[in-house]
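Q: Dumping the structure here so I can ask a few things about it.
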Amino acid sequence: MKAQDISREKSAELFEKAKKYFPGGVNSPVRAFKSVYGTPLFIERGDKAHLWDADGNEFIDFCCSWGPLILGHNNPEIREAVQAQLSKGLSFGAPTALENELAELIISNNKYVEKIRFVSSGTEAVMSAIRLARGYTKRDKIVKFEGCYHGHSDSLLVKAGSGLVTFGETSSAGVPKAFADETIVIGLNDKAALEQVFVDFKDQIAAVIIEGVPANNGLLIQDKEYIQFLRDITTANGSLLIFDEVITGFRLGFEGAAKYYDIQPDILTYGKIIGGGMPVGAYGASSEIMGHISPDGGVYQAGTLSGNPVAMAAGIAALSILAQPGFYEKQEQTTLAFVEEIRAFITEKNLEVKIFTIGSIFWFAFTSLEKIQSADQIDPASMEKYKIMHRELLNRGIYFGPSGYEVGFISSAHTAEDLQTAIAAIKEALLVAFS
Ligand code: PMP
Numbered sequence: 001m002k003a004q005d006i007s008r009e010k011s012a013e014l015f016e017k018a019k020k021y022f023p024g025g026v027n028s029p030v031r032a033f034k035s036v037y038g039t040p041l042f043i044e045r046g047d048k049a050h051l052w053d054a055d056g057n058e059f060i061d062f063c064c065s066w067g068p069l070i071l072g073h074n075n076p077e078i079r080e081a082v083q084a085q086l087s088k089g090l091s092f093g094a095p096t097a098l099e100n101e102l103a104e105l106i107i108s109n110n111k112y113v114e115k116i117r118f119v120s121s122g123t124e125a126v127m128s129a130i131r132l133a134r135g136y137t138k139r140d141k142i143v144k145f146e147g148c149y150h151g152h153s154d155s156l157l158v159k160a161g162s163g164l165v166t167f168g169e170t171s172s173a174g175v176p177k178a179f180a181d182e183t184i185v186i187g188l189n190d191k192a193a194l195e196q197v198f199v200d201f202k203d204q205i206a207a208v209i210i211e212g213v214p215a216n217n218g219l220l221i222q223d224k225e226y227i228q229f230l231r232d233i234t235t236a237n238g239s240l241l242i243f244d245e246v247i248t249g250f251r252l253g254f255e256g257a258a259k260y261y262d263i264q265p266d267i268l269t270y271g272k273i274i275g276g277g278m279p280v281g282a283y284g285a286s287s288e289i290m291g292h293i294s295p296d297g298g299v300y301q302a303g304t305l306s307g308n309p310v311a312m313a314a315g316i317a318a319l320s321i322l323a324q325p326g327f328y329e330k331q332e333q334t335t336l337a338f339v340e341e342i343r344a345f346i347t348e349k350n351l352e353v354k355i356f357t358i359g360s361i362f363w364f365a366f367t368s369l370e371k372i373q374s375a376d377q378i379d380p381a382s383m384e385k386y387k388i389m390h391r392e393l394l395n396r397g398i399y400f401g402p403s404g405y406e407v408g409f410i411s412s413a414h415t416a417e418d419l420q421t422a423i424a425a426i427k428e429a430l431l432v433a434f435s
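Written out as structure tokens, the structure is:
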């Protein structure tokens with residue numbers, strides 16, 4: 001049965017005000033709730049797996065700030081580390097021991113990177129990785145896959161997922177044609193297309209970039225064999241392979257998708273979880289490749305707030321918890337049990353919806369297909385069902401991301417009770433979506 005709409009009076013008031021200040025009333029497009037019902041909810045606070053909005057509504061949060069909050073909101077260790085650093089200073093623009101400490105935590109637990117560089121967002125990490133690949137290979141073109149989102153730098157906003165696909169667009173205005181021409185976009189899981197690209201643009205491809213596990217245009221889990229093919233074809237052609245692990249890094253484990261596939265990419269990018277909820281990104285590679293970054297090499301990349309001490313303190317606290325034995329196994333088991341219980345209901349009721357999952361990531365796909373591995377397999381019309389489910393979930397105190405193309409996350413702060421409450425709500429919401 002349709003649930004009664006929650007009150008959004010205060011959120012709506014704040015949104016009206018925000019529209020005076022920001023385009024669309026927001027500082028990042030998907031937040032505007034344009035593809036779901038109602039105005040965006042203005043959030044006041046979060047604790048563990050729960051969120052409270054300006055109207056006092058309480059939700060169990062499965063968006064988790066789009067991925068960073070693998071430990072939930074207001075984690076005491078992260079909070080205390082941040083508070084301790086606050087009294088020592090917010091930013092110095094000079095090296096600190098904290099940067100060493102976070103780097104050590106990452107590198108000693110990750111065999112895929114030898115050196116890293118900290119930046120302040122996922123966008124910056126990937127933009128810098130692309131520049132490094134171009135500088136290293138002395139080639140200009142890059143290959144990306146339709147639906148993969150790699151942040152909003154010019155080269156990468158061509159046929160990207162995330163907010164672009166949510167709003168029915170594929171590329172951004174304002175990217176010069178000359179830049180877009182250097183980005184070749186092909187479908188995922190299409191070997192022949194990539195083979196053709198390497199014929200058509202022989203010796204011109206600097207890098208092929210893929211999301212560790214594509215998770216910005218639905219969850220498009222690739223077969224290992226295909227990723228191995230990417231590894232082999234790039235090596236054979238003197239191009240680099242970049243894994244964008246902004247979502248999968250520290251989510252599937254410290255070694256992310258590289259470990260999942262057991263494949264060594266040439267450059268890896270990180271973001272989200274690495275900063276424990278503060279703005280941090282990083283890119284890493286072998287010492288040899290990273291030797292091309294300034295001041296050792298000729299590829300310039302810098303940042304006033306790079307390696308910011310408060311952000312480093314948050315990252316150290318977060319990764320210290322994640323490094324404890326069994327953390328990821330438990331997350332995966334919890335997520336699978338959650339998904340299996342909903343799947344059993346879907347089967348019982350014979351609903352045309354699938355849940356794809358990996359690690360502690362899940363995605364509801366309104367499809368009859370057993371596997372979805374490329375963006376073109378998603379029917380945009382199926383998003384209508386997500387829209388209904390999203391509204392029904394909010395009305396039952398469950399917060400999912402405001403787009404059916406985005407994935408959900410489970411944190412270690414989600415209790416068994418939270419998950420049971422959510423399962424009951426999801427079952428009801430699905431029945432409404434299919435009624
Ligand atoms: N790469 C991937 C795979 C992402 O999912 C995102 C953000 N969702 C980015 C890059 C960009 O990160 P940020 O939003 O921190 O700039």
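No gaps in the numbering here: position 39 of the sequence shown is 39 in UniProt numbering, and each next residue is one more.
Don't be surprised by glycine CBs; every beta carbon is placed ideally from N, CA and C.
If you're wondering where the values come from, they're calculated on a predicted model, not measured in any experiment.
#1: Comparing the CB of Thr367 with every heavy atom of the ligand PMP, is any distance shorter than 7 Å?
#2: Select from Gly187, Asp200 and Ile321 the residue whose C-alpha is nearest the C-alpha of Ile106.
#3: Note down the Cα distance separating Tyr112 from Ile242, rounded to an integer number of angstroms.
#4: Am I right that Asp244 and His150 are in contact with their C-beta atoms under 8 Å? What's the rounded C-beta distance?
#5: How about Trp363: is its Cβ closer than 7 Å to a heavy atom in the ligand NAP?
#6: Does the structure place the segment 390-402 close enough to the segment 55-69 that three or more beta carbon pairs sit under 8 Å?
#7: Which residues in the same chain as Asn57 place their Cβ atom closer than 6 Å to its Cβ, once the five residues preceding and following it in sequence are excluded?
#8: Should Asp244 be counted as a contact of the ligand PMP given a C-beta to heavy atom distance under 7 Å?
#9: Report the rounded CA-to-CA distance for Gly276 versus Leu319, giving the unit in angstroms.
#10: Mind listing, in chain order, the continuous alpha helix (DSSP H) runs of no fewer than 4 residues lying wholly within the segment 227-261?
#11: For Lys385, name the three-state secondary structure that DSSP assigns.
#12: Quick check: does the Cβ of Glu146 come within less than 7 Å of any heavy atom belonging to the ligand PMP?
#13: Just to confirm my understanding: we take Glu370, look at its own chain, exclude 5 residues before and 5 after, and list those with CB closer than 8 Å. What are they?
#14: What does the alpha-carbon distance come out to for the pair residue 447 and Ala173?
#15: Would you report the Cα separation of Ser108 and Glu101, rounded to the nearest angstrom?
#16: Do Phe362 and Val407 come within 8 Å of each other at the CB atom, strictly closer than that value?
#17: Is the Cβ-Cβ distance between Ala282 and Val119 less than 8 Å?
#18: Which parts of the segment 335-380 are runs of the beta strand (DSSP E), unbroken and 3 residues or longer, counting only runs that do not cross its ends?
#19: For a test of the three-state rule: what should DSSP assign to Asn44, helix, strand or coil?
A: Reading from the atomic positions:
#1: no
#2: Ile321
#3: 12 Å
#4: 5 Å
#5: Ligands present in the displayed structure are limited to the ligand PMP, and the ligand NAP is not among them.
#6: yes
#7: Ile6
#8: yes
#9: 8 Å
#10: 256-261
#11: helix
#12: no
#13: Lys354
#14: Residue 447 lies beyond the stretch modelled for the chain, which goes from 1 to 435, so this question has no answer here.
#15: 11 Å
#16: yes
#17: yes
#18: 354-358 and 361-365
#19: The amino acid occupying residue 44 in the given sequence is Glu; Asn does not appear at that position. Glu44 falls in the strand class under three-state DSSP.
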